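Chemist:
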Amino acid sequence: MKRTWRKQKPRIPGFVRSYFCETPLGDKLEADFNFHEKLVRLTVEIREEKNRTYSSTIQDGLVLAEKDVTSGRAYPVFRKIWPFREHFSDLPDPDLIIAIGGCYDIFPLFDPEAYRRISERKFSRYGSVFGVKREGFWARFWRERREAREVRGSLWQRFKRRFWGDLQDITVGTLACFAIYHFYYDFVFLGLSLATTGMVAGIMDFIVRKRSILMTKVLSFLSLGSYFFYNGYTRF
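Each position in the sequence shown, counted from 1, maps to that position plus 272 in this note's numbering.
1) Short of 6 Å in beta carbon distance, which residues of its chain neighbour residue 395, apart from the five on each side in sequence? Order them along the chain.
2) Which residues does DSSP list as the beta-bridge partners of residue 429?
3) Within a Cβ cutoff of 6 Å, which residues of the same chain sit near residue 280, ignoring the five residues on either side of it in sequence?
4) Grouping DSSP H, G and I as helix and E and B as strand, with all else coil, what is residue 290?
5) So which of 481, 460 and 288 has the shortest CA-CA distance to residue 441?
6) Check the DSSP bridge columns for residue 316 and list the partner residues they point to.
7) Roughly how many angstroms separate the alpha carbons of residue 278 and residue 306, rounded to a whole number?
8) Quick check: the segment 494 to 501 against the segment 459 to 474, are at least 3 beta-carbon pairs closer than 8 Å?
9) Rounded to the nearest angstrom, what separates residue 288 and residue 507 at their Cα positions?
10) Which value, in whole angstroms, describes the spacing of the CA atoms of residue 300 and residue 355?
11) Okay, do the segment 317 to 326 and the segment 337 to 346 touch, 3+ Cβ pairs below 8 Å being the bar?
12) Hey, residue 302 and residue 331: beta-carbon distance below 8 Å or not?
13) Can you find the residues in the same chain that come closer than 6 Å, C-beta to C-beta, to residue 381, ignoring five residues on each side of it along the sequence?
14) Is the CB-CB distance between residue 318 and residue 304 below 8 Å?
15) With a threshold of 6 Å on Cβ separation, who are the neighbours of residue 505 within its own chain once the five nearest residues in sequence on each side are excluded?
16) How big is the Cα-Cα spacing for residue 490 and residue 447?
17) Would residue 357 pass as a contact of residue 370 if the rule is Cβ separation under 8 Å?
18) What is the DSSP secondary structure of residue 486, reduced to helix, strand or coil?
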């Protein structure tokens, strides 16, 4: 059975991506996602229950809240969302599915490695109700450290992933700043352009490339920009 998800404008503040799907039986499904906080909100509107709506808020594999939206009360929604697990597993956003972390048996399709990592997690704070054995504090601590190392990779792998993007930022930013300097012959403009380049490079890393900001690169541009701006403003 083909399930078609379509992207829509998020209706809930704090979420940056939103997807909507209607099943052949008339049930309406919605998934909202905040990438940076790994926060997901799943919503189901069940036609057989006179369009009663249920929602679950999940952060990086941990269920934070489950709610009967129609009544406004907290309510365990496992049995409401679980029948739609295949629909949610078919979402066209792998990052969203990984952030769900296996809750309600929702796993990435055709991705055995992601399935293996997620299947190690426990999917609900109501786990004892459904017979899931809770892991201890130290087991969770070492597992999270191991998973973090796997995601980051080795120092050499991280260097290779970042090298070309950072080299491009430094090269293009430096050439652009010196082009501005040769056009105006003014250290004030050179300082402003260097500082602006540093901030733009940081924003590009965080928003466009979705990775941590290389503070060495940003601070280098800002420091040089401050130096040239100060000298141009006070001495020339």
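Using N, Cα and C, we set each Cβ at its ideal position, and we do this for glycine too. If you're wondering where the values come from, they're calculated on a predicted model, not measured in any experiment.
Modeler: According to the data block:
1) For the purposes of this step, residue 395 is taken as the residue at position 123 of the sequence shown. Confidence is the limiting factor: at residue 395 the pLDDT is only 43, short of 50, which leaves the residue's position unreliable and the question unanswerable from this model.
2) Here the question's residue 429 lines up with position 157 in the sequence shown. Residue 429 pairs with nothing; no bridge assigned.
3) Taking the first residue of the sequence shown as position 1, residue 280 is located at position 8. The residues are 290 and 292.
4) Your numbering for residue 290 matches position 18 in the sequence shown. It is a strand residue.
5) Position 169 of the sequence shown holds residue 441. Closest option to residue 441, Cα to Cα, is 481.
6) As a working mapping, residue 316 is identified with position 44 in the sequence shown. The partner list for residue 316 (beta bridge, DSSP) reads 301 and 326.
7) As a position in the sequence shown, residue 278 is number 6, starting the count at 1. As a position in the sequence shown, residue 306 is number 34, starting the count at 1. Spanning the two alpha carbons is a distance of roughly 17 Å.
8) Touching, yes.
9) Here residue 288 refers to the residue found at position 16 when the sequence shown is read from its first residue. Here residue 507 refers to the residue found at position 235 when the sequence shown is read from its first residue. One C-alpha to the other measures close to 47 Å.
10) Here residue 300 refers to the residue found at position 28 of the sequence shown. Here residue 355 refers to the residue found at position 83 of the sequence shown. Computed Cα separation, rounded: 13 Å.
11) Cβ pair count under 8 Å is three or more, so yes.
12) In the sequence shown, counting from the first residue as 1, residue 302 sits at position 30. In the sequence shown, counting from the first residue as 1, residue 331 sits at position 59. In this structure, residue 331 does not lie closer than 8 Å to residue 302 by Cβ.
13) As a working mapping, residue 381 is identified with position 109 in the sequence shown. Excluding sequence neighbours, residue 381 sits near 361.
14) Position 46 of the sequence shown, counting from 1, holds the residue named residue 318. Position 32 of the sequence shown, counting from 1, holds the residue named residue 304. No, they are not a contact pair.
15) Taking the sequence shown and counting its residues from 1, the one referred to as residue 505 is at position 233. Same-chain partners within the cutoff: 460.
16) Taking the first residue of the sequence shown as 1, we reach residue 490 at position 218. Taking the first residue of the sequence shown as 1, we reach residue 447 at position 175. The alpha-carbon atoms of residue 490 and residue 447 are separated by roughly 16 Å.
17) Residue mapping note: residue 357 aligns to position 85 of the sequence shown, counting from 1. Residue mapping note: residue 370 aligns to position 98 of the sequence shown, counting from 1. Not closer than 8 Å, so no.
18) Counting from one through the sequence shown, the residue named residue 486 turns up at place 214. Looking at residue 486 - three-state DSSP - the assignment turns out to be coil, as it is neither helix nor strand.
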